[in-house]
Structure formats: C-alpha cells, structure tokens
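Printed below as a string of structure tokens:
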C-alpha cells in the first residue's frame with residue numbers, strides 16, 4: 039500500500055471507530071502495524087493502537103472467532119467487553135486526532 043492509500047485507510051478506520059462501526063480492539067489491530075509506514079506525527083498517535091493491540095492480542099476478535107470453541111468464546115467475550123470499555127476513551131481520542139491530522143490540508 040502506498041502512502042496515500044495508507045493515509046486513506048487510517049482515516050477510514052478512525053472514522054469507523056469514532057462512529058461506533060468498528061470496535062476498539064479490531065481498529066487497534068488494523069492500525070497498529072501502520073505506524074512504521076507513516077510520518078512521525080501520525081506514527082506517534084498510532085502508538086496508542088499498538089499498545090491496545092499488544093494488551094489485547096490474546097482476545098479473539100474478527101474472523102479468528104470462527105476457530106474458537108463456543109464455550110471459550112463466551113468467557114472471552116466478557117474480557118473483550120471489559121477491554122473495549124477500558125481502552126475506548128484513549129482510542130477515540132487517538133482516532134479523533136488522526137482524523138484531525140489527516141483532514142487538515144498540508
């Protein structure tokens with residue numbers, strides 16, 4: 039993905055997160071690795087998502103859920119909900135900052 043494509047992708051995911059269309063953990067997994075692909079100002083904000091991804095990497099979110107035992111998923115869903123609540127404010131603040139940075143003409 040080229041830099042413009044990366045910036046468009048980051049903006050799309052940030053908007054989805056703020057709008058409640060994607061969860062904090064899913065957004066973090068999507069955005070965390072992109073910090074190495076963008077300029078330092080964006081990378082500094084993306085570090086928030088890297089931290090969330092690192093802290094929640096054992097939680098089944100997205101397509102991997104189909105590979106998990108349903109009984110285990112029920113227990114993990116409680117942990118997922120707690121993590122989503124715990125990290126939501128920081129993630130929304132970071133996403134809002136990404137939107138501001140990416141929507142501001144350079």
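Residue numbers (the working numbering): 39 to 144.
Idealized CB from N, CA, C, for every residue including glycine.
For residue 66, the enclosing alpha helix (DSSP H) covers residues 62-69. For the pair residue 67 and residue 100, the CB atoms are nearer than the 9 Å cut-off. For residue 52, the enclosing alpha helix (DSSP H) begins and ends at 41-56.
Per DSSP, reduced to three states, the secondary structure at residue 134 is helical. Sequence-distant partners of residue 48 (beyond 5 residues in either direction) whose C-beta falls short of 8 Å from its own C-beta, in its chain, are 69, 72, 76, 80, 84, 136 and 140. For residue 89, the enclosing alpha helix (DSSP H) has its first and last residue at 78-93. Assignment of residue 114 by DSSP, reduced to helix, strand and coil, places it in the helix class.
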